[in-house]
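S.K.: Protein chains in written order, with this note's numbering: chain A, 2 to 316; chain B, 27 to 591. Glycine included, C-beta positions come from ideal geometry on N, C-alpha and C.
#1: Which value, in whole angstroms, describes the spacing of the CA atoms of residue 260 of chain B and residue 186 of chain B?
#2: Beta carbon of residue 229 of chain A, beta carbon of residue 120 of chain A: below 8 angstroms?
#3: Return no unless some Cβ of chain B is closer than 8 angstroms to the Cβ of residue 262 of chain A.
#4: Given a cut-off of 8 angstroms on the beta-carbon distance, is the pair residue 535 of chain B and residue 320 of chain B in contact?
#5: Comparing C-alpha positions only, which one of B/346, B/333, B/279 and B/258 sits nearest to residue 556 of chain B?
#6: Would you kindly report the start and end of the unbroken alpha helix (DSSP H) that includes residue 441 of chain B?
#7: Please say whether residue 578 of chain B and residue 115 of chain B have beta carbons closer to each other than 8 angstroms?
#8: Quick check: residue 552 of chain B and residue 389 of chain B, are their CB atoms within less than 8 angstroms of each other?
#9: Do the segment 93 to 108 of chain B and the segment 298 to 314 of chain B touch if we need at least three Cβ pairs shorter than 8 angstroms?
#10: Exposed or buried, what is residue 479 of chain B when buried is set at 16 or more other beta-carbons lying within 10 Å of its beta-carbon?
#11: Per DSSP, which one or two residues make a beta bridge with residue 409 of chain B?
#12: Where does the unbroken alpha helix (DSSP H) through residue 272 of chain A begin, and where does it stop?
#13: Is the shortest distance between the beta-carbon of residue 298 of chain A and the beta-carbons of chain B less than 8 angstroms?
#14: Which bits of chain B does residue 197 of chain A rub up against, with CB to CB less than 7 angstroms?
#15: Is the shortest distance between the beta-carbon of residue 6 of chain A and the beta-carbons of chain B less than 8 angstroms?
#16: Using three-state DSSP, classify residue 250 of chain B as helix, strand or coil.
#17: Determine whether the Cβ of residue 312 of chain B lies closer than 8 angstroms to any Cβ atom of chain A.
#18: Give a yes or no on whether the minimum CB-CB distance between residue 575 of chain B and chain A is below 8 angstroms.
#19: Which residue's Cα is closest to the Cα of residue 437 of chain B: B/140, B/412 and B/383?
#20: When you check each C-beta in the segment 94 to 123 of chain B against every C-beta of chain A, which residues fall closer than 7 angstroms?
#21: Roughly how many angstroms lie between the CA atoms of residue 249 of chain A and residue 195 of chain A, to the nearest whole one?
#22: Thinking C-beta only, is residue 149 of chain B closer than 8 angstroms to residue 199 of chain B?
#23: On the premise that residue 227 of chain B lies in contact with residue 488 of chain B, defined as a C-beta separation below 8 angstroms, what is that separation, rounded to the nearest angstrom?
#24: Give me the residue from A/75, A/35, A/74 and A/73 with the minimum Cα distance to residue 57 of chain A.
#25: Under 8 angstroms Cβ-Cβ, which residues of chain A neighbour residue 244 of chain B?
#26: Contact criterion: CB-CB distance below 8 angstroms. Does residue 210 of chain A meet it with respect to chain B?
#27: Within this structure, are the beta carbons of residue 417 of chain B and residue 375 of chain B separated by less than 8 angstroms?
#28: Would you grab the beta carbon distance between residue 299 of chain B and residue 91 of chain B for me? Rounded to a whole angstrom, and I think it's under 8 angstroms.
#29: Report buried or exposed for residue 353 of chain B, applying the criterion of at least 16 other Cβ atoms within 10 angstroms of its Cβ.
#30: Going by the CB atoms, is the gap between residue 123 of chain A and residue 111 of chain A shorter than 8 angstroms?
#31: Name the one or two DSSP bridge partners that residue 322 of chain B has.
#32: If we count Cβ pairs, one from each stretch, closer than 8 angstroms, do we get three or more for the segment 520 to 535 of chain B versus the segment 278 to 288 of chain B?
#33: Candidates B/408, B/451, B/410 and B/205: which alpha carbon is nearest residue 427 of chain B's?
#34: Which residues of chain A have a Cβ atom closer than 7 angstroms to the Cβ of residue 316 of chain B, listed in chain order?
#35: Can you list, in chain order, the residues of the segment 289 to 309 of chain B whose Cβ is nearer than 9 angstroms to any Cβ on chain A?
#36: Cα-Cα, which of B/462, B/463 and B/447 is closest to residue 456 of chain B?
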């Protein structure tokens, strides 16, 4: 087990290096120059000495491989550089915003599970009935309706028309107020996640229900609730956790849009404005962070599989 | 064994949930500490109650004197040396002061300066500051602070826009590093400051009232090395300043909280705190309806919705910029003014205003809006495809020529305007292609002269007509370029323009500008399109608000705002 873990963990390092090179090159391939981006195109005397000096200050005058090595050297020392726009340390900018994003995503995942598990169970137990089809409709809508549309629609209905919920920010009062601010963005994020999860819960549970041990349990006289909850559901949740682990980076992408709409002070808003301004250090830090999440959660998913299934470990 | 593993599994799941829960409950503290420790509770925006008069009172008990104001983007820093960023300008207008500002009536209005005089030869400007000004920490604010700030703003090692002060006597030497100070800046006494230019230009006042020309505290920043100013920590928390409001806190991406400066020399502001909230435009519009927001600007397409809100007042104001297309005058086919006039006639500009801006806009015919500079009887270039065809025939336009319009996509009305113009030009025989570009690509194509037309917008052409000279002259070929200056009448026009800006006598200057306007109107240096109104919407509790055509200057009279109950 330990050697498996070490092997898998070591494999992460080259993957991260490749990701960082890929991101670094892609960001620089995107059209738009960060120094020019900040100048008003109308300013007639776009001061070329300023542009050159600023490019030199930012190291943008050097070839991309040189820039990459300089950046990588600093990152290894824990320095993510400075934002081109606000000129503040990138690490500080990201750290300030990480907790709101974690709060939004954590609640979103919880809500996704709360929606998906009961619906998935109903769909599996009532396979091919109208209840099953109804959950299929719900989960398909959750997958196909974009976040931003749901967000704006929810603001219109629950904020503007009904006046039930605040429409922006994270709140600064007590627990209750924070919850009120969370409901719309986290609810929508969770709803989006619940779409695929329902399908996984349903198929996982169906797989388990068809297995011999379930038949044995029923033969022994166990009640249906006991068979479903204690035996089949528990087993079917194992792959679900892997699914969630793999979905986390995608969720983060969804959170970017929702953070923008709901003025949630997380990393999503930061990265959107940074992309607009070609603020390379911030974009790279964020995408590296997502890359790191993908790699780590894939590693976790693999390890969890190994924990539950010895065949993987031995391979 | 399997059962045990499954137990591990569930335990892990529980642990993950717990971690997430713990993270989410500590998130609050983490964001709040970043704001610097001062915990203020004036957070009306977050009380989120559904009543229309949600105020800070919900949180603080009794303080109903807060106004929630929209910021269209999150601020970066309150630093006048950084490149222009609209939301930062809005906040800086409240924290620092300029000598003079452009007011909502398209006139100059004194802030630190009680009065100002221009010498008869149009080269020397004398500003008389108000007596007894003090920074909010009690230190006297004098003409030395003004000199300190203006010198830094003219230093290319500090800021990218130092070039706009190049006409000040001694600035070029200072910029090159051969002089320690700018000789054209002179402190006469504590309340008198003088600026001398190397060549006469009455229109220089627009530079003094322009974006970022704020007065900063020398006693705080005087010892900071030049190279550290652009990213100095002071500008993230500018607690020492002088303006109608003082800085209290910035909660990252959530709100900027300001508190009235009771010693403000033009009268202590009536509204105790301003909470400025960076929001998405659509959300801001909705929040006007819920009462979470008291003041915002909105897009024309949302007017109908906002009109339906109770207790919200809509105030449109004529914009100060313009949407226009620059012409590559370097290309021979555009050098005949009849071609450019035909292009004007071929576009239904009133239609663009009516359809794209819901009528909240104006057609542009000259390029500046300074009321006194515009004579009667200018050609409005009404939509007339037949006249356009005639003019093209007269000019011998080759129907085989294809022209290209480039623009930066992302603004609703411009994105819609471009294909309409394409269709209308095609209809009169100008084969038109459209292509969208990025800023850097646009500038590169401009600089190497490979573009035909660039649709863009912006600028401030309200208080004084001089700024248009900066983008229409020959000395600095940028938009209009050498091809423009070689055309008949252009050199004379520009000479007259320079003479007008050297004329301190108002009546004489006005007469010259009337002639300039007529010639510009005839020569069509740009394809003028339209000018969007800035549409403000605010709670009817807010009184004394003046709708400013330039939204980044919308808060210049914040000290006059009051809140009724």
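M.R.: A quick look at the data gives this:
#1: Along the second chain, read from residue 1 onward, the residue named residue 260 of chain B stands at position 234. Along the second chain, read from residue 1 onward, the residue named residue 186 of chain B stands at position 160. So the two alpha carbons sit approximately 19 angstroms from each other.
#2: The residue labelled residue 229 of chain A in the question sits at position 228 within the first chain. The residue labelled residue 120 of chain A in the question sits at position 119 within the first chain. It is not a contact, given that the beta carbons lie outside the stated cut-off.
#3: Locating residue 262 of chain A in the first chain gives position 261, where the first residue counts as 1. Yes, residue 262 of chain A lies at the interface with chain B (some Cβ there is under 8 angstroms from its Cβ).
#4: Start at 1 with the first residue of the second chain, and residue 535 of chain B comes out as number 509. Start at 1 with the first residue of the second chain, and residue 320 of chain B comes out as number 294. In this structure, residue 320 of chain B does not lie closer than 8 angstroms to residue 535 of chain B by Cβ.
#5: In the second chain, residue 556 of chain B corresponds to position 530, counting from 1. Checked all of B/346, B/333, B/279 and B/258; the closest Cα to residue 556 of chain B is B/346.
#6: Walking along the second chain from the start, residue 441 of chain B turns up at place 415. Counting along the chain, the alpha helix (DSSP H) containing residue 441 of chain B begins and ends at 438 to 453.
#7: Here the question's residue 115 of chain B lines up with position 89 in the second chain. Here the question's residue 578 of chain B lines up with position 552 in the second chain. Yes.
#8: The sequence position of residue 552 of chain B within the second chain is 526, counting from 1. The sequence position of residue 389 of chain B within the second chain is 363, counting from 1. No, the Cβ-Cβ distance between residue 552 of chain B and residue 389 of chain B is not below 8 angstroms.
#9: Contact holds: three or more Cβ-Cβ distances are below 8 angstroms.
#10: By one-based count along the second chain, residue 479 of chain B stands at place 453. By the 10 Å Cβ count, residue 479 of chain B comes out buried.
#11: Position 383 of the second chain holds residue 409 of chain B. DSSP, once it has assigned bridges, lists no residue as partnering residue 409 of chain B.
#12: What you label residue 272 of chain A is simply residue 271 of the first chain in a count that begins at 1. Start and end: 268 to 277.
#13: The count along the first chain starts at 1 and reaches residue 298 of chain A at position 297. The Cβ of residue 298 of chain A sits no closer than 8 angstroms to any Cβ of chain B.
#14: Counting from 1 along the first chain, the entry for residue 197 of chain A is found at position 196. What residue 197 of chain A touches in chain B: nothing, since even the nearest Cβ is about 18 angstroms away.
#15: By one-based count along the first chain, residue 6 of chain A stands at place 5. No, because no Cβ of chain B sits closer than 8 angstroms to the Cβ of residue 6 of chain A.
#16: Counted from its first residue, the second chain places residue 250 of chain B at position 224. Of the three classes helix, strand and coil, the one that applies to residue 250 of chain B here is coil, per DSSP.
#17: Sequence index remark: in the second chain, residue 312 of chain B carries index 286 (1-based). Flagged as an interface residue toward chain A: residue 312 of chain B, by a C-beta distance shorter than 8 angstroms.
#18: Taking the first residue of the second chain as 1, we reach residue 575 of chain B at position 549. Chain A, which has no Cβ nearer than 8 angstroms to the Cβ of residue 575 of chain B, makes this no.
#19: The count along the second chain starts at 1 and reaches residue 437 of chain B at position 411. Nearest C-alpha to residue 437 of chain B: B/383.
#20: Within the segment 94 to 123 of chain B, contact with chain A at the beta-carbon level (separation under 7 angstroms) is assigned to 99, 100, 102, 103, 109 and 110.
#21: One-based indexing of the first chain puts residue 249 of chain A at position 248. One-based indexing of the first chain puts residue 195 of chain A at position 194. Rounded to whole angstroms, residue 249 of chain A to residue 195 of chain A spans 13 angstroms at the Cα level.
#22: In the second chain, residue 199 of chain B corresponds to position 173, counting from 1. In the second chain, residue 149 of chain B corresponds to position 123, counting from 1. Against a cut-off of 8 angstroms, the Cβ pair of residue 149 of chain B and residue 199 of chain B comes out as no contact.
#23: Along the second chain, one-based indexing puts residue 488 of chain B at 462. Along the second chain, one-based indexing puts residue 227 of chain B at 201. Actually they are not in contact, since the Cβ atoms of residue 488 of chain B and residue 227 of chain B sit about 18 angstroms apart, beyond 8 angstroms.
#24: Looking up residue 57 of chain A in the first chain gives position 56. The option with the nearest alpha carbon to residue 57 of chain A is A/35.
#25: Position 218 of the second chain, counted from the start, is the residue given in the question as residue 244 of chain B. Within chain A, no C-beta atom comes less than 8 angstroms from the C-beta of residue 244 of chain B; the nearest is roughly 22 angstroms away.
#26: Taking the first residue of the first chain as 1, we reach residue 210 of chain A at position 209. No, because no Cβ of chain B sits closer than 8 angstroms to the Cβ of residue 210 of chain A.
#27: Along the second chain, read from residue 1 onward, the residue named residue 417 of chain B stands at position 391. Along the second chain, read from residue 1 onward, the residue named residue 375 of chain B stands at position 349. Not in contact: residue 417 of chain B and residue 375 of chain B (Cβ atoms no closer than 8 angstroms).
#28: Here residue 299 of chain B corresponds to residue number 273 of the second chain, with the count starting at 1. Here residue 91 of chain B corresponds to residue number 65 of the second chain, with the count starting at 1. Going by Cβ atoms, the distance from residue 299 of chain B to residue 91 of chain B rounds to 7 angstroms, so yes, they are a contact pair.
#29: By 1-based counting over the second chain, the position of residue 353 of chain B is 327. That one is buried.
#30: If you number the first chain from 1, residue 111 of chain A lands on position 110. If you number the first chain from 1, residue 123 of chain A lands on position 122. Not closer than 8 angstroms, so no.
#31: On the second chain, position 296 is the one that residue 322 of chain B refers to. DSSP output for residue 322 of chain B lists B/563 as bridge partner(s).
#32: no
#33: The count along the second chain starts at 1 and reaches residue 427 of chain B at position 401. For the residues B/408, B/451, B/410 and B/205, the minimum Cα distance to residue 427 of chain B belongs to B/451.
#34: Your numbering for residue 316 of chain B matches position 290 in the second chain. 160, 161, 164 and 168, listed in chain order.
#35: 303, 304, 305, 306, 308 and 309
#36: Here residue 456 of chain B refers to the residue found at position 430 when the second chain is read from its first residue. Checked all of B/462, B/463 and B/447; the closest Cα to residue 456 of chain B is B/447.
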